[in-house]
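A.B. asks: Chains as they are written, first to last, in this note's numbering: chain C, 698 to 785; chain B, 698 to 785; chain X, 700 to 858; chain V, 700 to 858. By construction, the Cβ of each residue, glycine as well, lies at the ideal position given by its N, Cα and C atoms. Keep in mind that this is a model prediction, so the values were computed, not measured. Dropping a structure here in structure tokens format, bear with me for questions.
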């Protein structure tokens, strides 16, 4: 079979100041299967240039676990972008 | 003035297992002025030989402050012999 | 994905005032001898500016998962008996408790070490955010960046 | 002899059950952000023997003086806001609180360090003794020998 880029649906969440910057807390998004979290973030940064400057102070999670930026995403994944936490 | 051994009155307290060994918790006692705490303890040990074996596991206080065994006692002093403490 | 819970601990996110008493009662047992609690509450100032109130939000499902992870670590590392960790969300007034932790253990060293580990780890790893409201505006509090995996083991470069 | 108290702390020896709530309420203020408490209570066993109950006695005047000294040290060393230390005396049943300590501070590190210093120092230096009652008798608990001055400065040998 030829390598065809399949489109999958993932859920994306933003919290804290990122939510303010992006202007929304959550959306469902279609992207190429096996896209990385880095690519997903870049897609938002392209749309909202302000977001790019937060890149170094954001951690990502996939399915409620901290995840590296090179993590590949698959159908049904829930990705969140998390600014520095300040609970307690 | 010639050095005359004056007699002074001190209050002596025993706590914990020492109270059990001595058979009383408190008494007032006349002793030579400037006697040391060590001498006071020795006087009780002479009366109650069992007490001597506790000497190394006892600390003393004078007027509610921990005191060294060579502390000299004067009229009105309150001396206590304290076994290892176990509060809390 | 989380290991099954072997312990009767409490992990909660709530929107009402936190009552510490049932939490302490829950962790307290005759085989223990020590309970250490931590009560974190809203200060009347932050960086020398008078605080009006705070607003907490959380990534709730992940926050609860992370709180449960902390609990599991307390049992493993410190041999505690039980732990209760409750964090409040939403608007909190000055003096109100934002987080309450109670740890019971047979001996005090374990209870102290575990309670402190719990709040330190919560503040570094649990996805909760605090917005501080002042007379002249509101800011997201400075926080700590959770330690995240740097690269997936064996990951190939993204195409 | 003790320095005058500059702080509104609580130091008590009591013969009734200890209620932690008024103690916590007393140390809690809007300029704080953290309270750490320690609750020490009677375990159902000691060295693998089933305990029936305990009996605590104290050299009360000195115990209170030593508790106040601990409080003064907490302010000096840790910059806490307030502390409450209450120890119960007399007969205590399984599960009853023998000692309760609450420390408030602007930040959690001070509250944790101070609370732990307080109970560790109390157990080493405050003249209180515990008798443990078992099915087959009673024993004075093993304790810690308080650090006492070894020799009076400049003392001459006793005559």
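1. At which residues does the beta strand (DSSP E) containing residue 738 of chain B begin and terminate?
2. Express the C-alpha separation of residue 736 of chain V and residue 714 of chain X in angstroms, rounding to a whole number.
3. Give the secondary structure of residue 847 of chain X by DSSP, where H, G and I count as helix, E and B as strand, and everything else as coil.
4. Could you list which residues in chain X have their beta carbon closer than 8 Å to that of residue 733 of chain V, in chain order?
5. Are residue 752 of chain X and residue 784 of chain C touching if we call contact CB-CB under 8 Å?
6. Who are the Cβ neighbours of residue 759 of chain C in its own chain at under 6 Å, not counting the five residues just before and after it?
7. Using only CA atoms, which one of X:846, X:850, X:848, X:831 lies nearest to residue 747 of chain X?
8. Are the C-beta atoms of residue 717 of chain V and some chain X residue less than 8 Å apart?
9. With a 10 Å radius around its C-beta and 16 neighbouring C-beta atoms as the bar for buried, classify residue 776 of chain V as buried or exposed.
10. Between the segment 712-730 of chain B and chain V, which residues of the former have a C-beta closer than 7 Å to a C-beta of the latter?
11. Assuming the contact rule is C-beta atoms closer than 8 Å, residue 739 of chain V and residue 798 of chain V should be a hit. Round their C-beta distance to whole Å, please.
12. Report the CB separation of residue 748 of chain C from residue 718 of chain C in whole angstroms; it is logged as a contact under 8 Å.
13. Report the residue from X:731, X:762, X:801, X:780 whose alpha carbon sits nearest the alpha carbon of residue 823 of chain X.
14. Are residue 733 of chain V and residue 786 of chain V close, meaning C-beta to C-beta below 8 Å?
15. Since residue 804 of chain X and residue 731 of chain X should fall inside the 8 Å C-beta cutoff, what is the C-beta to C-beta distance between them, to a whole number of angstroms?
16. Alpha carbon to alpha carbon, what distance is there between residue 743 of chain B and residue 848 of chain V?
17. Please report how far the alpha carbon of residue 844 of chain V lies from the alpha carbon of residue 779 of chain V, in whole angstroms.
18. So who's on the other strand from residue 727 of chain C, going by DSSP bridges?
19. Quick check: what's the CA-CA separation for residue 800 of chain X versus residue 735 of chain B?
20. Would you please state the rounded distance, in angstroms, between the beta carbons of residue 741 of chain X and residue 789 of chain X? I believe it to be under 8 Å.
21. Alpha helix (DSSP H) containing residue 775 of chain X: first to last residue?
22. Nearest by alpha-carbon distance to residue 821 of chain V: which of V:809, V:792, V:768 is it?
23. Nearest to residue 841 of chain V by alpha carbon, out of B:765, B:761, B:754?
24. Can you tell me the Cα-Cα spacing of residue 708 of chain C and residue 723 of chain C, whole angstroms?
25. Between which two residues does the beta strand (DSSP E) carrying residue 779 of chain C extend?
26. Which residues, taken in chain order from the segment 782-799 of chain V, show a beta carbon closer than 9 Å to some beta carbon of chain B?
27. Find the nearest neighbour of residue 720 of chain C within the set C:703, C:746, C:756, judged by alpha-carbon distance.
28. Count the other C-beta atoms from every protein chain shown that fall within 10 angstroms of the C-beta of residue 686 of chain B, then say buried if there are 16 or more, exposed otherwise.
29. For residue 837 of chain V, which residues from the same chain have a beta carbon less than 7 Å from its beta carbon, with the 5 sequence-adjacent residues on both sides left out?
30. I need the straight-line Cα distance from residue 757 of chain C to residue 778 of chain C, nearest angstrom please.
31. Is residue 758 of chain C close to chain X, meaning its C-beta is less than 8 Å from at least one C-beta of that chain?
32. Listed from N- to C-terminal order along the chain, which residues in the segment 809-829 of chain X have their beta-carbon within a distance smaller than 7 Å of any beta-carbon of chain V?
33. Is the CB of residue 779 of chain B under 8 Å away from at least one CB in chain V?
34. Is residue 757 of chain V near residue 827 of chain V, with beta carbons less than 8 Å apart?
35. Determine the DSSP secondary structure at residue 806 of chain X, reduced to helix, strand or coil.
36. Would residue 747 of chain V count as contacting chain X if we go by Cβ distances under 8 Å?
C.D. replies: Taking the coordinates as given:
1. For residue 738 of chain B, no beta strand (DSSP E) segment is defined; the enclosing uninterrupted segment is the alpha helix (DSSP H) at 734-744.
2. Cα to Cα, the separation comes out at about 24 Å.
3. Residue 847 of chain X: coil per DSSP, three-state reduction.
4. The answer, in chain order, is 737, 738, 739, 740.
5. Not in contact: residue 752 of chain X and residue 784 of chain C (Cβ atoms no closer than 8 Å).
6. A distance below 6 Å between beta-carbons, with the five flanking residues on each side excluded, links residue 759 of chain C to the following residues of its chain, in chain order: 768, 774, 776.
7. Answer by Cα proximity: X:831.
8. Answer no: the Cβ-Cβ gap between residue 717 of chain V and chain X never drops below 8 Å.
9. Residue 776 of chain V should be labelled exposed.
10. Answer set for the segment 712-730 of chain B: 712, 713, 714.
11. Residue 739 of chain V to residue 798 of chain V, Cβ: 4 Å. Contact.
12. With a Cβ gap of about 6 Å, residue 748 of chain C and residue 718 of chain C count as contacting.
13. The shortest Cα separation from residue 823 of chain X among X:731, X:762, X:801, X:780 belongs to X:762.
14. With a cutoff of 8 Å on beta-carbon distance, residue 733 of chain V and residue 786 of chain V are scored as not near each other.
15. Rounded, the Cβ-Cβ distance is 6 Å, consistent with contact.
16. Whole-angstrom Cα-Cα distance: 25 Å.
17. Taking the straight line joining both Cα atoms gives about 28 Å.
18. DSSP output for residue 727 of chain C lists C:706 as bridge partner(s).
19. Cα-Cα distance, rounded: 50 Å.
20. So it is not a contact: roughly 12 Å between Cβ atoms.
21. Counted as a single uninterrupted DSSP element, the alpha helix (DSSP H) harbouring residue 775 of chain X occupies residues 759-777.
22. The residue among V:809, V:792, V:768 with its C-alpha nearest the C-alpha of residue 821 of chain V is V:768.
23. Of the candidates B:765, B:761, B:754, the residue whose Cα lies closest to the Cα of residue 841 of chain V is B:754.
24. The straight-line gap from Cα to Cα measures roughly 7 Å.
25. Counting along the chain, the beta strand (DSSP E) containing residue 779 of chain C begins and ends at 775-779.
26. Listed in chain order, the positions of the segment 782-799 of chain V with a beta carbon within less than 9 Å of a beta carbon of chain B are 786, 797, 798.
27. When C:703, C:746, C:756 are compared, the shortest CA-CA separation from residue 720 of chain C is found for C:746.
28. The structure shown does not extend to residue 686 of chain B, since chain B spans only 698 to 785, so no value can be given for it.
29. These residues qualify, in order along the chain: 830, 831.
30. Taking the CA atoms as reference points, residue 757 of chain C sits about 5 Å from residue 778 of chain C.
31. Taking Cβ atoms only, chain X reaches closer than 8 Å to residue 758 of chain C, which makes this a yes.
32. Listed in sequence order: 811, 815, 818.
33. Cβ-Cβ to chain V under 8 Å: yes for residue 779 of chain B.
34. Yes. Within cutoff.
35. Residue state, collapsed to three classes: coil.
36. No - not a single Cβ of chain X is within 8 Å of the one on residue 747 of chain V.
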